[in-house]
Amino acid sequence: MKTFSEIINARDWENQHVTHQHVAEAHAPLHAYHSHQAALNNQTSNYQQSLNGEWTFQLFDKPENVPASCMRADFDDKDWSTIPVPSNWQLQGHDKPIYTNLKYPFSDSPPFIPQDNPTGVYRLQFDLPESWEGRKQSIIFDGVNSAFHLWCNGVWIGYSQDSRLAAEFDLSEHLLANNNQLTVMVMRWSDGSYLEDQDMWWLSGIFRDVTLLSKPAFAIRDVAITTVLDRCYNHGTLNVCTFLSGQSQEYQVKVQLFDAQLQPVFESISASSGQRIIDEKGPYLDQVEHQISIPSPHKWSAESPYLYRVVVSLINRAGDELDFEAYHVGFRVIEITDGQLKVNGEALLIRGVNRHEHHPEKGHAVSYDDMLVDIKLLKQNNFNAVRTAHYPNHPAWYELCDQYGLYVVDEANIETHGQFPMSRLSNDGSWLNAYMRRMTRMVERDKNHPCIIIWSLGNESGIGSNHHAMYQWTKLKDPTRPVQYEGGGANTAATDIIAPMYARVDEDVVLPTAADVVPKFSIKKWIGLPNEHRPLILCEYAHAMGNSLGSFDKYWQAFRDNPRLQGGFIWDWVDQGLTKTDENGQQYWAYGGDFGDQINDRQFCINGLIFPDRSLHPTIFEVKKAQQFYHFTQVKDTHVDDTSLTIKVTSENLFTTSNGETLHWNVSEDGYVIVSGDIVLDVAAKSTQRLTLLETVPVQKTGCDYHLNIEVRLNQDKPWANKGFVVATEQLEVPNSSELRALSLPETAAPALSENEQSVLVSTDNFSIEINKTTGLISNWLVNGEAKLLQGPKDNFFRAPVDNDIGTSEADNIDDNAWVSRWQAAGLNDLQVKCLNIEAHRLTHIVQLAVQFGHYYQGKLLLATRWRYEINAQGSVIIDVDLNVAKSLPPLARVGLELVLPNTNKDVEWFGRGPHENYPDRMLSAYIARHSSSIEAMHTPYIFPTESGLRCDVKEANVGDLTIAGDFHLSVSRYSLANVTQAKHTNELLAEDLLYVRLDGFHMGVGGDDSWSPSVHQEFLLNKARYHYQMTIAFNE
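Going by the numbering used here, the letters in the sequence shown line up with residues 10 to 1046, in that order.
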């Protein structure tokens, strides 16, 4: 036994050669079921005891400051605090969270770590059940960050690192019947931290479950299950290899297979070890093999996740069943043929996302219920795959993916992003064991899950000899699954799949020019390279940082047009914000730097499709639409006079027929539904169904817009959604064949016009509009004596920068290429406006004013606008704007106007795209209809405040008493542009008792291919020399 002094002096947490001491070899999770029935029904075993709960806890500055007496069984810890297990101690009032993307939060000198190494000591007393006497007792820690030593009843047991895989220790010789004392010393930093430099919070402690497991002295120690299908994917073979805790031919292993209703598929089959001769020395005596033919099994896929249940029983010579294990089994085959990744012979289209384990209050200690929320949301939003970025997940996650149907890329807990170069440790043979242990133990733990279709060697660690060793071992150990890895250029010999990150559809990404740097080609070019026949699946793409995901639909068009482009994994699932409360008691979500962590990467952890509390970002609606499994086209028979409304429905399901869904449709006229219906879908997998919705399209009115609106709804409950849930949508334009006739306007006399030195006044008995001659702006608008405007319309060319506008800019490190830097350098955020000329004329039916504005920066004219007001006797004002842009300017953020209204509690109503936020390059999912929203819901509360809330292609809108007509983009907010621009957190936003109404003729896209380079596509940039737009505004009486 090691003494405490020896442990401190050995400093195993600074030795890359030492990863585990006295830790059991990895295996599939064991449950030690107490009966066959318990195993079949997956009941909690009488031979499992959870040690989750309140432990006593004390945090020390470093291991050297921990008193040796803490490890004694009789140590008095009554003055210590308590802490819940599982948890991260930084979120329990101890130490501080640190967020970095790639920087190490300590000096980079592997394997050495800082002398200041916060060390938490946990203590717990527990008793053993009487029924456990005479059995082998083990303790399993599912996750401890980053390294720990374990004592039981004052005796040192062992050491472990690798925070994301289980550490199992045999306690049999050290346990008492009662009053057992566990002591765990956890170090925040270890040499393992150099391999865990993932884009997430650095959090510490016992953050996953702790379990006692009791097994017979001779027991099942592991089970390996594989399934095989014949070449036609019709008939299957079940292979079960059971590993025993010792060598003996005195025992038999019985295998039984049950279907999803837990009915037996075949009679039980028993076998003993030693039946297969391996070499001249004979057979294995500690493993038993079963190979069982299964005619026409139900097959597993993400669409139809059919699970069988295998029960494995250990039987002695007397026929007594001593030990039981059980696992879910899915019959499926993963292969790469014809340059495509296939499941059961069908080429996949990966609708994937990268998912961190994160909770805003609990950090990395996610519960089963937390996981259940995530998996239901993933299924509801048309995801079929998840990458466990960037580490093996909690064991329960894989069970849920098996059950609900998600393809999984299981990723080793290796990332050395902060190394220079990244491959520094990957090419260092002294780190080979550390790399290999993380890979081999993951594969051994997770090997039985049908959901896992790909193994990943890790993330952003360059490429080196250690990776090639990991790849070769994995291919030998598990030839049934491909291996992927992005490092070193995404197409090295250590990957079966081209797995780039942030490669664009058509544009090559410029990287440093060097012989060893592989270019990041466009995804279309990559699959066309000479002698390249592998499929391409983006391991990361569409960086969803804040208001992002512009041009996402282009990826999906490319995926559908090119069979070897098989989808990808969006970065990422959830904003990694942590809940914090300011001095005024207001809660907000914090990011890097908010906890006094001086080394940080600010809000770069806020990249999710959903907020930390699992409420949805607007971007996820775009993802759901792009990834949906049904597609719709309108059909016209050109050979006859076809007056029908007919569509084709195409299914991208690979295995299932759409007999559980109903297609609901309607036709709208200027947003009002005029006819609707429902049809039960019956579309076979990979096929198209033709549906005639109407034999004759309704009579169309002149000048109206007609749309066919489609929803596919579940007609029965699913595990992940209730009946009626919408899984697919579409809006198709119905051409209006009626001739457009000019509208005749009432020919009323023009309003009165008067002028003085200060202003121009346009009025009738019901309204008056005053224009200030100095500013050229409407300064007052009265309707029946009531003031309607707080600030008249004025030019607006700037927006509160979205994350993609900011790029890599920081206060002390400006990215000159970022949009916001270019806007600020050009002075677009600090323009001086002058009214250059104003003219007013009373015509027959209108009063017309022409106003010229100049927008200057440092005395230089940058933007010139010419406004023309046309005011009629009904109080409507047509605003017609021409803009000229100086050649020196970068593309503009927006071209529009802003006005300010008194506050109102009325909902905003509009006829345009919605209901959710949308932008010119992100509107695939936003349909033209009549929408309404509260003022609050018009603002999207991005954790890092930015431009938000736009609704595009609006023709009509009502905001309070204001009505707007034209062709414009609308946003309404209680926050000023200056406030949103300056705020760094939501608690810094100051809602005013008024409304800012922004009406844009044009708005730049938000981009989203990545967030560190200008990613707005060319067609969504506002880079023309001239712009023109027009809209009509009026106030209701």
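Even glycine gets a Cβ: it sits at the ideal position worked out from N, Cα and C.
Residue environment, residue i, which counts as buried when at least 16 other CB atoms sit within 10 Å
{"i": "E956", "result": "buried"}
{"i": "H1053", "result": "Residue numbering for the chain in the displayed model covers 10 to 1046; residue 1053 lies beyond these limits and cannot be assessed."}
{"i": "I287", "result": "exposed"}
{"i": "V682", "result": "exposed"}
{"i": "G801", "result": "buried"}
{"i": "C614", "result": "buried"}
{"i": "F620", "result": "buried"}
{"i": "G794", "result": "exposed"}
{"i": "R396", "result": "buried"}
{"i": "Q612", "result": "buried"}
{"i": "D812", "result": "buried"}
{"i": "S696", "result": "exposed"}
{"i": "E420", "result": "buried"}
First through last residue of the beta strand (DSSP E) which encompasses residue i
{"i": "E631", "result": "Not the beta strand (DSSP E): E631 falls in the alpha helix (DSSP H), residues T628 to Q636."}
{"i": "V232", "result": "I229 to L238"}
{"i": "C6", "result": "Residue numbering for the chain in the displayed model covers 10 to 1046; residue 6 lies beyond these limits and cannot be assessed."}
{"i": "A849", "result": "Q841 to R851"}
{"i": "V968", "result": "R960 to V968"}
{"i": "R922", "result": "V917 to G923"}
Residue nearest to residue i in terms of C-alpha spacing, selected from the options
{"i": "H552", "options": "K105, Y564 and E312", "result": "Y564"}
{"i": "C79", "options": "L191, I546, D218 and K869", "result": "L191"}
{"i": "S96", "options": "F69, T109, F953 and G129", "result": "G129"}
{"i": "I1050", "options": "R569, I107, Y1038 and I149", "result": "No information on residue 1050 is available, as it lies outside the stretch 10 to 1046 that the chain covers here."}
{"i": "W210", "options": "I234, T235 and Y113", "result": "Y113"}
{"i": "H399", "options": "L204, E779, I229 and A356", "result": "L204"}
{"i": "D411", "options": "G339, H426 and P401", "result": "G339"}
{"i": "S470", "options": "R454, T501, H426 and I462", "result": "H426"}
{"i": "Y131", "options": "G102, G733 and T91", "result": "T91"}
{"i": "R450", "options": "E177, G1010 and A902", "result": "E177"}
Residue i - containing alpha helix (DSSP H), residue span
{"i": "I423", "result": "From DSSP, I423 is part of no alpha helix (DSSP H); its letter is neither H nor E."}
{"i": "I17", "result": "F13 to A19"}
{"i": "F216", "result": "It is not in any alpha helix (DSSP H) - F216 carries neither H nor E in the DSSP assignment."}
{"i": "R1", "result": "This structure does not reach residue 1, given that the chain is present from 10 up to 1046, and the question cannot be answered."}
Spatial distance of residue i from residue j (CA atoms)
{"i": "I278", "j": "V264", "result": "5 Å"}
{"i": "D21", "j": "E298", "result": "39 Å"}
{"i": "I579", "j": "Q636", "result": "12 Å"}
{"i": "M10", "j": "H183", "result": "12 Å"}
{"i": "A508", "j": "Q493", "result": "7 Å"}
{"i": "N126", "j": "S202", "result": "12 Å"}
{"i": "D517", "j": "K529", "result": "6 Å"}
{"i": "T1", "j": "P572", "result": "Nothing about residue 1 can be reported from this structure: the residues present for the chain run from 10 to 1046 only."}
{"i": "R447", "j": "M510", "result": "23 Å"}
{"i": "A935", "j": "M1040", "result": "22 Å"}
{"i": "L538", "j": "P544", "result": "12 Å"}
{"i": "K589", "j": "D603", "result": "9 Å"}
{"i": "W790", "j": "E997", "result": "32 Å"}
{"i": "I787", "j": "Q857", "result": "13 Å"}
{"i": "R341", "j": "H477", "result": "27 Å"}
{"i": "W198", "j": "K71", "result": "10 Å"}
{"i": "N912", "j": "T701", "result": "48 Å"}
{"i": "L752", "j": "R922", "result": "Only weak support is given to the placement of L752: the predicted model assigns it a pLDDT of 49, under 50, and the question is left unresolved by the model."}
{"i": "V917", "j": "N675", "result": "24 Å"}
{"i": "Y550", "j": "A512", "result": "7 Å"}
{"i": "R877", "j": "V890", "result": "6 Å"}
{"i": "N189", "j": "A48", "result": "29 Å"}
For residue i, the residue or residues it bridges with in DSSP
{"i": "E742", "result": "H716"}
{"i": "S281", "result": "Q261"}
{"i": "E355", "result": "V352"}
{"i": "Y416", "result": "A394"}
{"i": "D2", "result": "The question about residue 2 has no answer, for the chain in this structure spans 10 to 1046."}
{"i": "C161", "result": "V164 and L191"}
{"i": "Q575", "result": "For Q575, which the question treats as bridged, DSSP gives no partner whatsoever."}
{"i": "E344", "result": "K351"}
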